[in-house]
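Remarks on the structure that follows.
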Amino acid sequence: MARAQDGDRNAYRTLLRDITPRLRALASRYFRDRSDAEDTVQDVLLTVHAIRHTYDPDRPFGPWLVTIANRRIIDRLRRQTRARLREVALAAEHETFLPDAANVPGEDILGDEAALHAAIISLPRDQREAISLLRLREMSLKEAAVASGRSIAALKVAAHRAIKSLRKRLRRDETP
């Protein structure tokens, strides 16, 4: 490492080649998944490269390297733990459709389309136009503003009010 700090490229290349198997062995103790271990090795190598100037040639190289490796391993383990804490196992109650009628074309869907179409037609003109441009034609706000001659803010307000009205109307129509 001292020679690598002095600018010897071959010494640096040899150093990285020689420490890589040791780093893999160290990382594989902590990670079952081979890709996690390899990612950790790469993190350690990048860190060694970035902070190689901090190595003191009067001190042993091994403990310096192992300290860096252990810190990178701990960082990855912490990231994985945080990610696992944010994950939620999917269960049946997370389904958005009833199992019987999910994605099955039939009379219910045609009835829903007709009810939605009727609800859209009953909206005031500006709300109907906003829904048509933004949701049905899938235009961007900028494109819809140009097409309608209205401001983006006015389109947002009209679309919001239209969706609110549609939700109310369609919920009312659902109840027997």
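Each residue of the sequence shown is one higher than the one before, starting from 0 at the first, in numbering that gives the first Met the number 0.
Note that the Cβ used here is the ideal one computed from N, Cα and C, for glycine as well.
Endpoints, alpha helix (DSSP H) assigned at residue i
{"i": "Thr39", "result": "33 to 49"}
CB-CB length for residue i against residue j, believed under 8 Å
{"i": "Ala129", "j": "Leu154", "result": "5 Å"}
{"i": "Ser147", "j": "Leu132", "result": "6 Å"}
{"i": "Leu140", "j": "Ile151", "result": "5 Å"}
Top-ranked residue by Cα proximity to residue i, from the options
{"i": "Leu44", "options": "Ser121, Met0, Ala113", "result": "Met0"}
{"i": "Glu112", "options": "Ala68, Leu169, Gly148, Arg75", "result": "Leu169"}
{"i": "Arg23", "options": "Gln41, Ala88, Arg160, Tyr11", "result": "Gln41"}
{"i": "Ser34", "options": "Asp57, Tyr54, Arg75, Leu135", "result": "Arg75"}
{"i": "Ile50", "options": "Arg58, Ala90, Ile67, Ala161", "result": "Ile67"}
{"i": "Ala158", "options": "Asp125, Glu142, Lys167, Ala3", "result": "Asp125"}
C-alpha gap between residue i and residue j, whole angstroms
{"i": "Ile72", "j": "Leu64", "result": "12 Å"}
{"i": "Tyr29", "j": "Ala36", "result": "8 Å"}
{"i": "Glu94", "j": "Ala88", "result": "12 Å"}
{"i": "Leu84", "j": "Asn69", "result": "22 Å"}
{"i": "Ala117", "j": "Ala90", "result": "35 Å"}
{"i": "Asp38", "j": "Val145", "result": "49 Å"}
{"i": "Glu197", "j": "Ala26", "result": "An answer regarding residue 197 cannot be provided, because it is not within the stretch 0 to 175 covered by the chain."}
{"i": "Thr53", "j": "Glu137", "result": "56 Å"}
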